[in-house]
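Working notes, structure below.
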Amino acid sequence: MNLPLYRPTAAESTRFLFFTGKGGVGKTSLSCATALVLAEVGRRVLLVSTDPASNLDEVLGTRLSNRPTAIPGVPGLSALNINPSEAAAAYRERLIGPMRGLLPAAALRSMEEQLSGSCTVEIAAFDEFSAFIGNPDAAREYDHVIFDTAPTGHTLRLMSLAKAWDQFLDSNTSGTSCLGPLAGLEKQREIYAATVSTLADAAATTLVLVSRPQHAALREAERTSRELRAIGVGNQCLVINGTFTTACTTDEVAQAMQQRGRAALEKSAGFIESMPSFVVPLRSINILGVDGLRVLMNGDDSARADAGGAAVGAEHGWSPPPMESLADLVTDLEKQGHGVIMTMGKGGVGKTTVAAAVAVMLAQRGHAVHLSTTDPAAHVAQTLAGQVPGLSLSKIDPAAETAAYTQEVMAAQGAQMDEAGRSLLEEDLRSPCTEEIAVFRAFAREVGQGTRRFVVLDTAPTGHTLLLLDASEAYQRELERQARSTQPEEVLRLLEHLRDAEFTRILLVTLPEATPVHEAAALQADLRRARIEPYAWVINQSLLNSGSGDALLQRREEAEHRYLSEVATEQARRTAWLPWQPEEPVGPEALAHLGSARLAVQA
């Protein structure tokens, strides 16, 4: 399949561009590179990250805030991060500040509690997001506003929020919601309406779906495309990042990598051909800094493959740090006989694969194991159904959990109310916070099962995971606000379980690259602040000792060295290492084989 190279031009680019896709596909790199290309031809560009786990600062090499910051060396380019927590704090203060000194302290505390949930974070971030689109004066000085959006689930919520809240405001008659007084939202209604209109305007907005030449990433891009078209965002194109070709015809690793990519593209040919589609070749370096972004767009002549397969650029004097196999970790994990094992990390690093491998190995050793996911993009785990004795599977479906929770509340509380009371309750349950509560209950339910067996949780990408964990304390306040105080035992004990190092073991999964390692380090720091200590790190998809003679792959292997050392010697208490696989590890045998892989240390 011959697709053109991705080369954004000022003439063909709309004013608003959104980059979205499965975690880890390169949205940040491509959004930054697009902004750079447009700025370098004289356009004034604002780059905005709406990701709770943004790494825009690292890619651009510039410390950012929630205000536009000029990028050194690139005239015309500015960037900012919409920090959800800071946005929520500012949003609360806008509503509560004018009432200080007018209302009693108890009333102010009650308002703060009403505005403490994750839904407030969503709407506050959306307030800032919508200002750049729905307010014609907010970004008037820029020719293009480019959004580096969060992983797919967050993006879909963010883009659908305008309609969801507009409908909620239309139907709500009580004057309050899980966001507290609706007056704070009412002021934004015109901006919200303009935002929805602009998102659906093909002359103003382009959605850039980013993928990798991988089955899972392309499936996720197709699902995202379908769902965004359903909410009116129809002007779409597809960029397949990291495509690889090799001239080394006898190199097994290079040939396998090339073939995996081709097979994935062929399987998704119908989707790819349904819209304008482009490719960006795999590069030999980590894409960091302005020079790295230029390499992403223009290539690096020094990394051209040597058709003869000769070794190039070999690094001397470096030895790999001590790293275990995943099976070594499982040997220690199983000693407790039960408990919770959670995989966390940046999107696209292989959390699902690692969770599935751990679950398979524990089950094959005779343990009762339950594998569950809160990630709507999970796929590998679902291929194990009925294949491993002792292993059960489940997937937390937000829609199903919300429907069940709503029905439960209406049956328990609504039966005691008159018609007007039931109407108010139904309105409150239509708020976005209800989904957060329902999913959180399901998460707590799965964790609670660890008292009887092993529960392996394949969690969602980092930003969502942190929101899920942060919900533990806000959850109680939300239940109190809604006068629904009856809680399952597993909810009451959730934080206790998460902080018990003998009960919950967290595996931080990363790739041997700058951004995934540094994001995992930030997640580790956040967990430690919550008094949750990670058990080990797992470095996935390493090319170390691959034996490839392809010059580009050799350079990528050499680039891993600093990050392997950083993880094993500076960040992790224990480190497991997993090699890059010629074929995606699907099924019990492949997953168990991956888990037992050991690094061959050369003398």
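Our numbering puts the first residue of the sequence shown at 70, with every later residue one more than the last. In this text, a Cβ means the ideal position worked out from N, Cα and C, and glycines have one as well.
Quick test of your reading: Leu-398 and Ala-605, contact by CB under 8 Å. State the CB separation rounded to the nearest angstrom.
Walking along the sequence shown from the start, residue 398 turns up at place 329. Walking along the sequence shown from the start, residue 605 turns up at place 536. Beta-carbon to beta-carbon, Leu-398 and Ala-605 are separated by about 6 Å, close enough to satisfy the 8 Å threshold.
For Leu-307, tell me which candidate among Glu-488, Gly-90, Thr-520 has the shortest Cα-Cα distance.
Along the sequence shown, one-based indexing puts residue 307 at 238. The shortest Cα separation from Leu-307 among Glu-488, Gly-90, Thr-520 belongs to Gly-90.
Closer than 6 Å by C-beta to Arg-598: which residues in its own chain qualify, once you throw out the five before and the five after it? Chain order, please.
The residue labelled residue 598 in the question sits at position 529 within the sequence shown. Cβ within range, chain order: n/a, list empty.
What residue range is occupied by the uninterrupted beta strand (DSSP E) comprising Asn-150?
If you number the sequence shown from 1, residue 150 lands on position 81. The continuous beta strand (DSSP E) containing Asn-150 extends over residues 146-150.
Just the Cα atoms here: how many angstroms apart are Thr-138 and Ile-202?
In the sequence shown, counting from the first residue as 1, residue 138 sits at position 69. In the sequence shown, counting from the first residue as 1, residue 202 sits at position 133. Spanning the two alpha carbons is a distance of roughly 19 Å.
Over what stretch of residues does the alpha helix (DSSP H) that includes Asn-367 continue unbroken?
If you number the sequence shown from 1, residue 367 lands on position 298. For Asn-367, the enclosing alpha helix (DSSP H) stretches over residues 358-367.
Give the DSSP-derived three-state secondary structure of Ile-140 in the structure shown.
On the sequence shown, residue 140 is found 71 positions in, with the first residue counted as 1. The three-state secondary structure of Ile-140, taken from DSSP, is coil.
Please give the ranges of any alpha helix (DSSP H) in the segment 452-488, keeping only runs that are unbroken, at least 4 residues long and fully inside the region.
Taking only runs of at least 4 residues, the alpha helix (DSSP H) segments lying wholly in the segment 452-488 are 467-481.
Per DSSP, cross-strand counterpart(s) of Leu-577:
Locating residue 577 in the sequence shown gives position 508, counting from the first residue. The partner list for Leu-577 (beta bridge, DSSP) reads Met-413, Trp-606.
Can you tell me whether DSSP reads Phe-523 as helix, strand or coil?
Locating residue 523 in the sequence shown gives position 454, where the first residue counts as 1. In the structure shown, Phe-523 sits in a strand (DSSP, three-state: E or B).
Please state whether DSSP places Ile-300 in a helix, a strand or coil.
Along the sequence shown, one-based indexing puts residue 300 at 231. Here Ile-300 sits in coil by DSSP.
Burial state of Gln-623 (16 or more Cβ within 10 Å)
If you number the sequence shown from 1, residue 623 lands on position 554. For Gln-623, the number of other beta carbons within 10 angstroms of its own is at least 16, and it is reported as buried.
What are the residues that DSSP puts in a beta bridge with Gly-408?
For the purposes of this step, residue 408 is taken as residue 339 along the sequence shown, with counting starting at 1. DSSP, once it has assigned bridges, lists Phe-523 as partnering Gly-408.
Find the nearest neighbour of Arg-84 within the set Leu-116, Glu-109, Val-94, judged by alpha-carbon distance.
Here residue 84 corresponds to residue number 15 of the sequence shown, with the count starting at 1. The residue with the shortest Cα to Cα distance from Arg-84 is Leu-116.
Does Gln-405 pass the burial test, meaning 16 or more other C-beta atoms within 10 Å, or should it be called exposed?
Numbered from 1 along the sequence shown, position 336 holds the residue referred to as residue 405. Under this definition Gln-405 is an exposed residue.
contact_flag[the segment 584-600, the segment 413-428] where n(CB pairs < 8 Å) is 3 or more
Look at the beta carbons and you see the segment 584-600 touching the segment 413-428: at least three pairs across the two are nearer than 8 Å.
Per DSSP, which residues does Val-508 bridge with? Please list them.
The residue given as residue 508 occupies position 439 in the sequence shown. Per DSSP, Val-508 has no beta bridge partner at all.
Best match in Thr-119, Val-409, Asn-124, Trp-646 for proximity to Met-392 [C-alpha to C-alpha]:
Counting from 1 along the sequence shown, the entry for residue 392 is found at position 323. Nearest option by C-alpha distance: Trp-646.
From which residue to which residue does the alpha helix (DSSP H) around Gln-27 run?
Residue numbering for the chain in the displayed model covers 70 to 672; residue 27 lies beyond these limits and cannot be assessed.
Given 8 Å, three or more beta-carbon pairs between the segment 355-364 and the segment 309-317
As far as the Cβ criterion goes, the segment 355-364 does not touch the segment 309-317, which means the pair count is below three.
Beta-carbon spacing of His-407, Arg-514 below 8 Å
Taking the first residue of the sequence shown as 1, we reach residue 407 at position 338. Taking the first residue of the sequence shown as 1, we reach residue 514 at position 445. 8 Å or more divides the Cβ of His-407 from the Cβ of Arg-514.
Among residues of its own chain, excluding the 5 on either side of Ser-441, which ones have a beta-carbon nearer than 6 Å to its beta-carbon?
As a first step, residue 441 must be located in the sequence shown, where it is residue number 372. In the same chain as Ser-441, and ignoring 5 residues on each side of it, the C-beta atoms closer than 6 Å to its own belong to Ser-463, Glu-515, Leu-526, in chain order.
Provide the residue span of the alpha helix (DSSP H) that contains Ser-100, from first to last.
On the sequence shown, position 31 is the one that residue 100 refers to. Per DSSP, Ser-100 is one residue of the alpha helix (DSSP H) stretching across 96-109.
Option nearest Tyr-75 by Cα separation, candidates Thr-579, Val-279, Asp-595
Here residue 75 refers to the residue found at position 6 when the sequence shown is read from its first residue. Taking only the C-alpha atoms, the option nearest Tyr-75 is Val-279.
I need the DSSP call for Gln-623, collapsed to helix, strand or coil.
As a working note, residue 623 is residue 554 in the sequence shown. Annotated three-state conformation of Gln-623 is helix, per DSSP.
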